[in-house]
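Quick note on numbering that gives the first Met the number 0: the sequence shown kicks off at 0 and runs consecutively.
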Amino acid sequence: MSTDAPGVFAAQHGKRPSLCADFSWMFVGNALYAGGQFATLMLLAKLVRPELVGQYALGLAVVYPVMMLTNMQLRAVMTSGARQQTHFGHYLSLRLLTTSLALVIIFAITQILGYRRNLTAVVTMVGVAYAIETISDVYYARLQLHERMAEISKSLIARALLSVLGLAVTTYVSRNLLWGVTAVVLARVIVLFGYDICERTHGLGGQSKWFSRNDALAPRFDLKVQRELLWLSLPLGIVVLLTTLNSSVPSYFIKHALGERDLGIFSAIGFMISVGNMAVMSLGQSAFTRLARSYATGNLVAFGLLLGKLLAFGAMLGVCGMIISRLAGREILIILFRPEYAERADLLPWIMAVGGVLFMAQFLGFGMTAAGYYNSQVILNILANLSLFAACYWFVARQGLFGATFAMLIAAIVQLAGSALVLIIGMRMHTPACVERVETA
0 MSTDAPGVFA AQHGKRPSLC ADFSWMFVGN ALYAGGQFAT LMLLAKLVRP ELVGQYALGL
60 AVVYPVMMLT NMQLRAVMTS GARQQTHFGH YLSLRLLTTS LALVIIFAIT QILGYRRNLT
120 AVVTMVGVAY AIETISDVYY ARLQLHERMA EISKSLIARA LLSVLGLAVT TYVSRNLLWG
180 VTAVVLARVI VLFGYDICER THGLGGQSKW FSRNDALAPR FDLKVQRELL WLSLPLGIVV
240 LLTTLNSSVP SYFIKHALGE RDLGIFSAIG FMISVGNMAV MSLGQSAFTR LARSYATGNL
300 VAFGLLLGKL LAFGAMLGVC GMIISRLAGR EILIILFRPE YAERADLLPW IMAVGGVLFM
360 AQFLGFGMTA AGYYNSQVIL NILANLSLFA ACYWFVARQG LFGATFAMLI AAIVQLAGSA
420 LVLIIGMRMH TPACVERVET A
């Protein structure tokens with residue numbers, strides 16, 4: 000480790016917070032942040048026309064995959080300890096470089112696709128908002144290394160509240176989407192420079208300044224180190240890119256075939272899946288350690304039983320969502336959004352069906368990761384994306400929004416069936432190895 004690295008990666012002295020306290024802070028922070036994202040879409044649906052909601056959704060569809068690729072999961076690499084000799088500043092400088100590249104790519108996409116000036120401005124501003132968020136993410140990694148989870152949660156809460164408040168007030172006054180997204184950018188800048196970068200937030204004993212000059216928090220540029228980090232992290236970025244394309248591909252086809260208004264309606268209704276997805280992610284992360292331990296010790300019965308319970312929970316969420324959507328879908332959409340969204344309440348049960356299949360596929364994804372089937376997940380994501388692309392190409396222009404929903408269902412089934420096949424084959428191959436290990440012992 001470098002001479003100055005202990006000040007960055009070494010555990011800080013003092014009483015550590017309990018695991019329960021860390022979990023509580025992170026649960027509240029992540030829940031409010033996810034709620035803020037849903038509130039953003041809901042407020043836009045209430046305040047502006049569906050066409051403008053479609054512009055925002057298109058911005059997310061363009062920005063999110065690019066940002067996920069260029070982020071390369073540096074936070075995971077940093078917190079895993081894979082590069083303990085690397086100073087925090089090297090991670091920060093690489094993130095600054097890749098984020099700048101991402102903004103250039105986003106702008107280039109808008110020009111290649113021939114977006115008009117106003118749409119280009121909205122997409123670019125959404126990119127800037129996410130660029131600021133990715134910089135905060137690197138500072139979160141440093142806080143996580145020092146087990147300062149409360150500070151991460153406070154930042155998430157502040158970012159969510161300020162972003163929603165800024166968007167709501169600005170959009171209500173101006174009725175202009177671009178100004179609303181600009182307010183979100185300003186809110187994230189305030190949190191980044193007013194809290195995330197501060198020495199006091201990182202327990203360095205400094206004052207709460209708008210910009211820290213502490214060497215431990217400053218970027219460091221070293222092309223050799225940055226190149227090594229790039230090659231280490233790039234495969235992770237590709238995996239996440241393939242995953243995020245599942246939610247972005249339908250938006251491209253809807254925009255091209257049906258227009259921004261239909262895209263806005265579809266995105267608002269489709270966002271209902273995120274309600275169940277938060278429960279799926281929380282439960283999957285909680286069960287992950289037990290899954291990994293059971294598989295590593297050869298206890299495939301416990302592994303299979305736990306995975307079966309998770310699958311049942313995912314299926315139950317999907318079925319309950321379908322039933323509620325069938326009984327009260329129209330009323331729910333009117334309350335959350337506006338009457339014009341309720342005109343497509345017929346889509347909601349099918350979208351909940353897509354959600355149920357995706358929830359089960361996500362749980363199997365946790366199982367594959369726990370079992371160490373990384374390469375198989377890459378292949379599965381490629382197959383799922385190819386099936387989604389082909390289905391969208393065939394159905395969206397012919398069947399409209401229902402065709403987009405059906406295409407998502409096909410891709411989700413491919414993901415679920417492929418994941419199940421990988422796990423079944425893997426467990427059968429793992430059983431003889433476990434028996435051989437026992438006989439040898």
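For glycine and all other residues, C-beta sits at the position ideal for the given N, C-alpha and C.
Between the Cα of residue i and those of the options, spot the shortest distance and give me the residue it belongs to.
i: R260; options: K254, E50 and T368; result: E50
i: E227; options: T200, T78, A406 and T85; result: T85
i: A215; options: L42, Y63, L91 and V62; result: L91
i: Y251; options: F405, L40 and G53; result: G53
i: G462; options: I134, Y63, A360 and I331; result: Residue 462 lies beyond the stretch modelled for the chain, which goes from 0 to 440, so this question has no answer here.
i: T296; options: S232, L112, A256 and A370; result: A370
i: T97; options: L299, Q225, T368 and A278; result: Q225
i: I441; options: V61, V421 and G35; result: Beyond the ends of the chain as shown, which are 0 and 440, falls residue 441; an answer cannot be given.
i: L59; options: M77, L231, L40 and I322; result: L40
i: M367; options: F287, V183, C391 and A410; result: F287
i: A186; options: R427, S135 and I378; result: S135
i: L241; options: G303, F26, I378 and A38; result: I378
i: A411; options: N384, I423 and A278; result: N384
i: R174; options: L415, G34 and R48; result: R48
Give me the Cβ distance between residue i and residue j, rounded to the nearest whole Å; I'm assuming they're in contact under 8 Å.
i: L177; j: A120; result: 5 Å
i: V137; j: A101; result: No, V137 and A101 are not in contact; Cβ-Cβ is about 14 Å, not under 8 Å.
i: G317; j: G355; result: 1 Å
i: M336; j: G275; result: Residue 336 is actually Phe in this sequence, not Met. With 8 Å as the limit, F336 and G275 do not qualify as a contact, their Cβ atoms being about 18 Å apart.
i: A56; j: G263; result: 6 Å
i: L363; j: A419; result: 6 Å
i: S386; j: V413; result: 5 Å
i: V127; j: V184; result: 5 Å
i: G236; j: M67; result: 7 Å
i: L73; j: S232; result: 6 Å
i: G283; j: F394; result: Their Cβ separation, rounded to whole angstroms, is 30 Å, which puts G283 and F394 out of contact at 8 Å.
Taking 7 Å as the limit between beta carbons, can you name the residues of its chain near residue i, skipping five residues before and five after?
i: A301; result: S293
i: F265; result: I253, L400 and A403
i: G425; result: A370 and Y372
i: L142; result: E150, I151 and H201
Rounded to a whole number of angstroms, what is the C-alpha to C-alpha distance between residue i and residue j?
i: T243; j: L382; result: 14 Å
i: S246; j: H429; result: 33 Å
i: L118; j: A44; result: 17 Å
i: R219; j: R94; result: 11 Å
i: I268; j: D221; result: 46 Å
i: L290; j: V188; result: 39 Å
i: R329; j: A341; result: 5 Å
i: M71; j: V163; result: 27 Å
i: I331; j: A389; result: 32 Å
i: Y63; j: A311; result: 30 Å
i: W209; j: M351; result: Caution is warranted here: a pLDDT of 49 is assigned to W209, below 50, making its placement in the model unreliable, and the coordinate value is therefore given only provisionally. When rounded, the distance between both Cα atoms is 44 Å.
i: N298; j: L305; result: 11 Å
i: A314; j: R115; result: 42 Å
i: F405; j: E146; result: 44 Å
i: G193; j: S324; result: 42 Å
i: A140; j: A217; result: 14 Å
i: K223; j: G88; result: 14 Å
i: Q398; j: V248; result: 16 Å
i: A396; j: M280; result: 33 Å
i: A75; j: D195; result: 18 Å
i: V125; j: Q36; result: 13 Å
If we count the other Cβ atoms within 10 Å of its Cβ and call it buried at 16 or more, is residue i buried or exposed?
i: N380; result: buried
i: S207; result: Confidence at S207 is low in this model, with a pLDDT of 47, below 50, so the placement of that residue should be treated as unreliable; the coordinate-derived value is given next. Exposed is the call here.
i: V103; result: exposed
i: E132; result: buried
i: V255; result: Rather than Val, the amino acid found at residue 255 in this sequence is His. Answer is exposed; the Cβ neighbour count stays below 16.
i: V172; result: exposed
i: Q376; result: buried
i: C197; result: buried
i: N374; result: exposed
i: L46; result: buried
i: I334; result: exposed
i: P338; result: exposed
i: I272; result: buried
i: C319; result: exposed
i: G28; result: buried
i: L326; result: exposed
i: F26; result: exposed
Take residue i and list the residues in its own chain whose beta-carbon comes closer than 8 Å to its own, dropping the five residues that flank it on each side.
i: L31; result: L155, I156, A159 and L160
i: T123; result: L102, I105, F106 and T109
i: M321; result: P348, M351, A352 and G355
i: G453; result: This structure gives no information on residue 453, because the portion of the chain shown stretches from 0 to 440.
i: I423; result: none
By Cβ distance, which residues of its chain are closer than 6 Å to residue i, with the 5 residues on each side in sequence left out?
i: A167; result: L42
i: A149; result: W24
i: G179; result: L166, T169 and T170
i: A182; result: G165, L166 and T169
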